[in-house]
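What follows is a single structure, written as structure tokens, with notes after it.
In our numbering, the protein residues as written are 1 to 147.
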């Protein structure tokens, strides 16, 4: 998976993830312990002195959660990353991946369009995304009902 460029080789519908990853009982003790540790990690990211460090901390947490297929938890952090650096396409694209995998295709499409807009406007990281997004996620392609 190419984490630095913002897209994932795991870009597929959520039904294909049913046999992959860890399945948590969200009412169980293990999950509540996991969430408590996650809150601590997010707090450490928020305590960073510079906004760029805060962004990097949240993106690191996001990517690990995404790779472990904790898409709901990853989405929370990607949304925070989007707020920290509005001009960066990567968190928008990754949030779009999470939303798509979670079956929220309309919301995912909005995030993909935001990522494309940032890449086209020269936002942070645009060089890595522009050629791919221009061919795959052009406004014309995004209007297709099949998406």
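Using N, Cα and C, we set each Cβ at its ideal position, and we do this for glycine too.
Here DSSP, grouped into helix, strand and coil, assigns residue 104 to coil. Around the beta-carbon of residue 31, fewer than 16 other beta-carbon atoms lie within 10 Å, marking it exposed. Less than 9 Å divides the Cβ of residue 77 from the Cβ of residue 59. Under the DSSP assignment, residue 46 falls in the alpha helix (DSSP H) whose first and last residues are 29-46.
Of the residues 95, 113, 85, 114, the one whose Cα lies closest to the Cα of residue 62 is 95. Within the same chain, and ignoring the five residues on either side of residue 84 in sequence, the residues whose Cβ sits closer than 7 Å to its Cβ are 51, 54, 55, 58. When rounded, the separation of the alpha-carbon atoms in residue 109 and residue 45 is 28 Å. Its chain contains 73, 74 as the residues whose beta carbon lies nearer than 6 Å to that of residue 65, once the 5 sequence neighbours on both sides are disregarded; these appear in chain order. By the neighbour-count definition (other C-beta atoms within 10 Å, threshold 16), residue 27 is an exposed residue. In this structure, residue 104 sits away from residue 91, with a CB-CB distance that is not shorter than 9 Å.
Secondary structure at residue 92: helix, using DSSP grouped into helix, strand and coil. In this structure, residue 102 and residue 70 do not form a Cβ contact; the two beta carbons are roughly 11 Å apart against a cut-off of 8 Å. In the structure shown, residue 117 adopts helical secondary structure according to DSSP, grouped into three states. One thing to note: residue 99 has its Cβ within 9 Å of the Cβ of residue 111.
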